[in-house]
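Asks: Below is the structure I would like to discuss, written out as structure tokens.
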Amino acid sequence: MRTGQAYGRTAVFGFALMTAALALASPFPARAQGTPRVVEITAKRFEFTPKEITLKQGETVTLRLTTEDVTHGFFMKTLGIDAVVEPGHPTEITITPQTTGSFTTICDHFCGDGHGNMHMKIVVE
Amino acid sequence: MSDRVDRRSFLKIAGTSLGIGALYSVAPLLGADGEAGEVARSLWKKNGERLKPFSFVQLSDTHVGFNGPPDPLGTQAFERAVEMINGLRHRPDLVLVSGDLTHDSEKAGEHAERMRRFKEIAGRLKVSAVHCIPGEHDAGLDGGALFRDAFGPTYYAFDHRGVHFIGLDNVSRAKPEVGPEQIAWLKKDLARFPASAPIVVFTHRPLFDLKPEWEWFTSDGDEVMNVLTPYQNVTVLYGHIHRHHEHTAGAARHLAARSLIWAFPDPATTDDKKPLPFDKDQPFKNLGLRIVEEPKGRGAEPGRPTINEVELTMREYAGTVGINQFLKEGASR
Ligand SMILES: [Cu+2]
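Dropping the structure here:
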């Protein structure tokens, strides 16, 4: 959702501030301006690969989505994820999950017969 | 039940549905005054119809063209529902079909054939009008092109005997959403109605977050309901979830219809969105339809010529044995 994305951006901004503060306080140089870890996710009818990813609470990560066939959706309300991935254009979403748990993330862009069961799990520890 | 009736209101639902084939009643009540009476008179003028008791049926999720598992019966439950409707003592005026009339097919020709087959079966209905809106299996792959060819617009509104019906499309954009154009249209459509107007919205997906992880939601459903918030008599009938569900938010009541092919489990009991297994001894278990019917003995007060309130009442059927239960008609509320 739009609100989710706004939340994501705020979270990234907060993270950047924190990194800056840490950089001042720490004798060690901040690493690459805190570039988030990238997690690759591939969509194809009617599954995501991998089927499960594990993130850390408070860790900013970039999910990089690609599709091997048609347009798919990627939706998990609690984590503020609402994206679409089109053929030929990877979609990147940056999130900083604040809630621990196991979150079923679905394709919400109708893609055919097995669409209703196209999902994966995002575990936040 | 009548103690829950707000006299200012125009259209009501009382009671709950536990079993199959919940019956709704739409009937005028006499004795209310003011705005509601005004609405009745203006609708009468506009449509040339007095508010009269009438009934209508909601069918949903017939998935014509689907081949099991889990449900190997194809169109049998749908065809049986059509027979039952035709056999009702009080013939309903309308049948509303809340989406997934057909199962999708990669081949446009095959999908068009499924639409034709749906129309052939629905065409047996002895009612004056059948109103359909699409589900994602009808319109998710082609933006509703085939549906429009077969049935016309994917969203629209009409009046029937003093009730304003609105069919909404939350599937054609491929995502579970209605979209800004349709919301703008809805605002315009509703502008001429006073707050007491009886409104029945029918759509495919729930307009609230029922179970987002199972795609049981509409992302801009809140915006739709905000447009409807000023109205005191809103009933939203939907399908998609292949099971009965009731939900009240503000003045609006949301009711899901059973499907006419496999059923889904209660999401409170499992994380696994898997259809309930087919039971050959009870082939129609958990399937069903909804009939909105005229009640008897109400609203016929003599000497009060102005009809200005409508009650929408749901009768219950005990048990949950699918369509078979429906045949035992005569259960009273
Ligand atoms: Cu998909």
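Chains B and L are the protein sequences, given in the same order. If you count by this note's numbering, then the first sequence holds residues 1 to 125, one letter each, in order. If you count by this note's numbering, then the second sequence holds residues 126 to 458, one letter each, in order. Every residue gets a Cβ at the ideal spot worked out from N, C-alpha and C, and that includes glycine.
#1: Measuring straight from C-alpha to C-alpha, what distance separates G112 of chain B and F203 of chain L?
#2: Pull every residue with its beta-carbon under 5 Å away from any heavy atom of ligand 1, and keep them in chain order.
#3: Could you tell me the distance, in whole angstroms, from the CA atom of W339 of chain L to the CA atom of S230 of chain L?
#4: Would you say H379 of chain L and F333 of chain L are within 9 Å of each other, going by their C-beta atoms?
#5: Given that a residue counts as buried once 16 or more other Cβ atoms are within 10 Å of its Cβ, and exposed if not, what is T105 of chain B?
#6: State the beta-bridge partners of C257 of chain L as determined by DSSP.
#7: Leaving out five residues on either side along the sequence, give the residues of the same chain with a beta carbon under 7 Å from the beta carbon of I81 of chain B.
#8: A43 of chain B and T62 of chain B - do their beta-carbons sit closer together than 9 Å?
#9: Measuring CA to CA, which of B:F46, B:T60 and B:E47 is closest to V39 of chain B?
#10: Quick one: is V404 of chain L buried, meaning 16 or more other Cβ sit within 10 Å of its Cβ, or exposed?
#11: Would you mind sorting D69 of chain B into buried or exposed? The rule is 16 or more other CB atoms within 10 Å of its CB.
#12: Output needed in chain order: residues of the stretch 246-268 of chain L with a Cβ under 7 Å from some Cβ in chain B.
#13: So what does DSSP say about A381 of chain L, is it helix, strand or coil?
#14: Does chain L have any CB closer than 9 Å to the CB of H89 of chain B?
#15: Distance check for F181 of chain L and A83 of chain B, CA to CA, integer angstroms please.
#16: In the DSSP assignment, find the alpha helix (DSSP H) that holds D69 of chain B and state where it starts and stops.
#17: Given H370 of chain L, which residues of its chain have a CB within under 6 Å of its CB, disregarding the five upstream and five downstream residues?
#18: In whole angstroms, give me the CA-to-CA distance for H329 of chain L and K398 of chain L.
#19: When Cβ atoms are compared, which residues of the stretch 321-338 of chain L fall closer than 7 Å to chain B?
Replies: Well, looking at it:
#1: 23 Å
#2: B:H72, B:C107, B:C111 and B:M118
#3: 21 Å
#4: yes
#5: buried
#6: L:V222
#7: G4, F74, F75, I93, I95 and T105
#8: no
#9: B:T60
#10: In the sequence as presented, Val is not what sits at residue 404 of chain L; that position holds Asp. D404 of chain L is exposed by the Cβ-count criterion.
#11: exposed
#12: E261, G265 and L266
#13: strand
#14: no
#15: 39 Å
#16: No alpha helix (DSSP H) holds D69 of chain B; DSSP gives it neither H nor E.
#17: A381
#18: 18 Å
#19: P337 and E338
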